[in-house]
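Engineer: Note that the sequence shown covers residues 7 to 650 in this note's numbering.
A virtual CB, placed ideally from N, CA and C, is assigned to each residue, including glycine.
These numbers come from a predicted model, not from an experiment.
Shown below is the structure under consideration.
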Amino acid sequence: MGSTVLFLIIAIFVARFSWDTPLIQEAERALYDLRASVFAPAVETEDRIVMIVYDEETLKLTGQRSPVDRTILAQALESIDSAKPKAIGIDILFTMPQDDDELLLSTFEKMETPTYLAYADPEETPEIGFAEFTFLEQFHEKAKTETVKPTDIQLNIDSDGVQRRWTPHPEGLPPFLALAMTGPNPKFAANDGAIRYLVPQTLELPVFDKFPIEGFADPATKDFLLSFIQDKYVLIGGDFIDRDRFDTPLGSLRDETSDGNLIGLEVHAHMLAQLLNDDMPEQVPLWTLWAAAIVVAICGGLSAMIVGNAAKVGVILLGQFGFFLIFPFVLQNMGIDTLSLPAFGWGLGWLLGYASVGSATRTLNSKQRAFAQSALGKYLPKSIASEILRDPEKLALHGEKRKIFAVFTDLEGFTKLTHAIEPEMVATLLNDYLDRLSEVALEYGGTIDKFVGDALVSFWGAPIAYPDDGERAARAAYALYLAGEEFRKNVPEGVPPIGRTRVGLHYGDAIVGNFGGEGRIQYTALGDAMNTAARLEAANKTLETKVLISREAMERSGLDWYRPMGRITLRGRATPVEVFEPVPDWEDRDRAAVMAVIAAHEKGDKSSIQDLSTMIQQYGDDLGLANLLKRLEKTETGESYALG
């Protein structure tokens, strides 16, 4: 009895505080983002607000990236002011002196339009140093007039990096940008609820008009553009691919051209539009959240006592879960702020209540099921996890011999890089890199075995084998290399160049299962397939290749995009391995030509080796092919090339 009451209390607290509970919080956020995206108000272009931006073309034009050119801002402001907009908000922090400061300050002095300059509190924005903050204060003191005033632009994201809510405004700071531009609004002054993001009714028209700032500084175009900002709210800021960007609940459900990643200026525009629309979603009362938590826990407990045939019980249970799923969407559609609504917590609280009364043993006594549930979304693709949940016996909790496709990766030079950059940046880069590789492995149906430093270990064929495991593993191997290349292109400024991602793939025997002790277990694979894949990955360095696949894996992939890379003897092994590299962008005839050269070499005919030189010139800087040419020149009749 005591344990039942305890479980019911836990169920109530889970249903009430799921937004503040680790892991559960992520599910709540995901569900809210779905609701907010589905029911985001669809509008035609919001013609009361205009964004004027520095973009990549502006930076090319001015030749100045950070801080942005202030002469062009001064010229643009002079033109914008003449069009008599309602207000101007400048989302640019002036934290460093520039030669053209006096020109900009002179322009501010002449402004007739209410203008608000970005201000940042060093306690809220720790990345601003003391010297920068000192200059910012001095600049604001010089720029301040009857019409030019400071404004707080700080946007506080949730811990998962998503901008969902209004920023609570600390006392003593200038008014928040949207409130400064529209005037005091008591209803929004202490608002920390959801931002009501807008989406376009059609893909052809954006929510907000956006113009490059240089157009307003150019005498040839400014007169035409000024008609677009008269009597409007004007926001000025940056639109760069690598700075001041925020993830939002908006996804691709309503706008196929957007992934929900907005520039900070656009977030401010959405908040400004919400103010202008006086669109304050109604908050869910605190007592309602407590009452709902108690009700769902009790409903879960009562459901465990329902007797009758399976169909009747199933309908009742599905009906309750359907309510938990649909009701928050209904509230969102009614204009209720569901940002604090514990939708996932209700379902989980119901389950705990159900378990406390009678089903805990049936739902939690299977080690296989518990392991499969914990693996969902972490190590196993959804299709495999679903099958395991239906049939837990498919996930062996002991070792068993299986044929698998094993994949190893390694990031070239990352260990050396860690000594050249700050530990915080190392962690950021490594998490980003492993996230990218994990997504690829799971996308192609692989099981993630482990992470070893910057290396990802994964395999196909266990815990469940599929007929197309070979093809998916081969495609994943090449996709992992491409993901590494994409990662290299997107590292922050100041980070030294990062090397390529090398990949090895082999098909062979392994022992797979759940290994470890009672305190810690891990589903993993051991044996020859894993060792060979690891050595193939390492062989890329010597062979100057990117992805090496053994003949055993190649023949079972069903793909024809490989070129042979000769026969090698891997370190620590006596039996040679024929290796291949995927080159999907090659012509079939060129792949066949390389195969013919190697076949002739195996017969002692080295006359055609130089044909590879032509291909090297044709395909550019192909280090792997050049390395193959050198190896064939050093050998006589197809003998294996031993790696040291």
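1. Could you give the DSSP three-state label for THR530: helix, strand or coil?
2. Got a sec? Which residues, its chain only, sit under 6 Å from SER614 by beta carbon, not counting five neighbours each side?
3. What first and last residue would you give for the alpha helix (DSSP H) that runs through ASP97?
4. Is PHE457 helix, strand or coil by DSSP?
5. By Cβ distance, which residues of its chain are closer than 8 Å to ASP628, with the 5 residues on each side in sequence left out?
6. Would you decide whether LYS238 is buried or exposed? Buried here means 16 or more other CB atoms lie within 10 Å of its CB.
7. Give the single residue among ARG506, GLU138 and ILE15 whose Cα lies nearest to the Cα of ALA489.
8. Please work out which residues of its chain come closer than 6 Å, Cβ to Cβ, to GLU584, disregarding the five sequence neighbours upstream and downstream, and give them in chain order.
9. Under DSSP, the alpha helix (DSSP H) around ALA80 begins and ends at which residues?
10. One question on the structure: do LEU292 and VAL20 come within less than 8 Å of each other, judged by their Cβ atoms?
11. Grouping DSSP H, G and I as helix and E and B as strand, with all else coil, what is LYS409?
12. Are TYR487 and ASP460 closer than 8 Å when you measure CB to CB?
13. What is the rounded straight-line gap between the Cα of PHE196 and the Cα of GLN280?
14. For a test of the three-state rule: what should DSSP assign to ARG293, helix, strand or coil?
15. Tell whether a beta-carbon distance below 8 Å holds between SER255 and ARG171.
16. Would you say ASP248 reaches chain D, if we count a Cβ-Cβ gap shorter than 8 Å as a contact?
17. So, with DSSP's three-state summary, where would you put GLY355?
18. Using C-beta distances below 8 Å, list every residue in its chain close to LEU282, excluding the 5 sequence neighbours before and after it, in chain order.
19. Three or more C-beta pairs under 8 Å: does that hold for the region 129-145 against the region 213-231?
20. Is ASP245 near the ligand MN, going by C-beta to nearest heavy atom under 7 Å?
21. I'd like to know if the region 405-417 and the region 513-523 are in contact, where contact means that at least 3 CB-CB pairs between them fall below 8 Å.
22. So is SER362 buried or exposed if we call it buried at 16+ other beta carbons inside 10 Å?
23. According to DSSP, which residues form a beta bridge with HIS512?
24. Considering only C-alpha positions, which residue in the set GLN81, ALA93, GLU118 and THR153 is nearest to ASP106?
25. Distance check for PRO47 and PHE335, CA to CA, integer angstroms please.
26. For LYS148, I'd like the list of residues in its chain whose CB is within less than 6 Å of its CB, leaving aside the five on either flank, ordered along the chain.
27. Which runs of the beta strand (DSSP E) spanning at least 3 residues fall entirely within the region 417-459, listed in chain order?
28. Helix or strand or just coil, what does DSSP make of VAL321?
29. If the criterion is Cβ atoms closer than 8 Å, does the pair LEU123 and THR157 meet it?
Structural biologist: The relevant details are as follows:
1. Position 524 of the sequence shown, counted from the start, is the residue given in the question as residue 530. Strand at THR530.
2. Your numbering for residue 614 matches position 608 in the sequence shown. Result list for SER614: VAL603 and ALA606, in chain order.
3. Here residue 97 is taken as the residue at index 91 of the sequence shown, counted from 1. Unbroken run through ASP97: none, as it is neither H nor E.
4. Within the sequence shown, numbered from 1, the residue matching residue 457 stands at position 451. In the structure shown, PHE457 sits in a strand (DSSP, three-state: E or B).
5. To locate residue 628, count along the sequence shown from 1; it is residue 622. Excluding residues within five positions, the ones whose Cβ falls inside 8 Å are MET621 and ILE622.
6. Working through the sequence shown from its first residue, we reach residue 238 at position 232. Buried, since its Cβ has 16 or more Cβ neighbours within 10 Å.
7. As a working note, residue 489 is residue 483 in the sequence shown. Out of ARG506, GLU138 and ILE15, ARG506 has the C-alpha closest to the C-alpha of ALA489.
8. By one-based count along the sequence shown, residue 584 stands at place 578. Here the set comprises ARG557 and ARG573.
9. Stepping through the sequence shown from its first residue, residue 80 is reached at position 74. From DSSP, the alpha helix (DSSP H) with ALA80 extends over 76-88.
10. Along the sequence shown, one-based indexing puts residue 292 at 286. Along the sequence shown, one-based indexing puts residue 20 at 14. Cβ atoms of LEU292 and VAL20: not closer than 8 Å.
11. Looking up residue 409 in the sequence shown gives position 403. Looking at LYS409 - three-state DSSP - the assignment turns out to be strand.
12. Locating residue 487 in the sequence shown gives position 481, where the first residue counts as 1. Locating residue 460 in the sequence shown gives position 454, where the first residue counts as 1. Contact flag unset, no.
13. If you number the sequence shown from 1, residue 196 lands on position 190. If you number the sequence shown from 1, residue 280 lands on position 274. A small correction: the amino acid at residue 196 is Ala; Phe does not occupy that position in the sequence shown. Going by the C-alpha atoms only, they are around 15 Å apart.
14. If you number the sequence shown from 1, residue 293 lands on position 287. In the sequence as presented, Arg is not what sits at residue 293; that position holds Trp. In this structure, TRP293 counts as helix in the three-state DSSP scheme.
15. If you number the sequence shown from 1, residue 255 lands on position 249. If you number the sequence shown from 1, residue 171 lands on position 165. At residue 255 the sequence reads Pro, which differs from the Ser that was named. No, these two residues do not count as a Cβ contact at 8 Å.
16. Note that chain D does not occur in the displayed structure, where there is just one protein chain.
17. In the sequence shown, the residue the question calls residue 355 occupies position 349. Note: GLY355 maps to helix in three-state DSSP.
18. Here residue 282 corresponds to residue number 276 of the sequence shown, with the count starting at 1. Closer than 8 Å at Cβ, skipping near neighbours: ARG54, ILE55, THR188 and TYR239.
19. no
20. As far as ligands go, the structure on display features none, and thus does not contain the ligand MN.
21. yes
22. Locating residue 362 in the sequence shown gives position 356, counting from the first residue. Buried, since its Cβ has 16 or more Cβ neighbours within 10 Å.
23. Within the sequence shown, the letter at position 506 stands for residue 512. Per DSSP, ALA412.
24. Translated into the one-based positions of the sequence shown, residue 106 becomes position 100. Closest option to ASP106, Cα to Cα, is GLN81.
25. Within the sequence shown, numbered from 1, the residue matching residue 335 stands at position 329. Within the sequence shown, numbered from 1, the residue matching residue 47 stands at position 41. Straight-line Cα distance between these residues: approximately 14 Å.
26. Working through the sequence shown from its first residue, we reach residue 148 at position 142. Around LYS148: LEU111.
27. 453-458
28. For this step, residue 321 is matched to residue 315 along the sequence shown. It is helical.
29. Along the sequence shown, read from residue 1 onward, the residue named residue 123 stands at position 117. Along the sequence shown, read from residue 1 onward, the residue named residue 157 stands at position 151. For LEU123 and THR157, yes; Cβs fall inside 8 Å.
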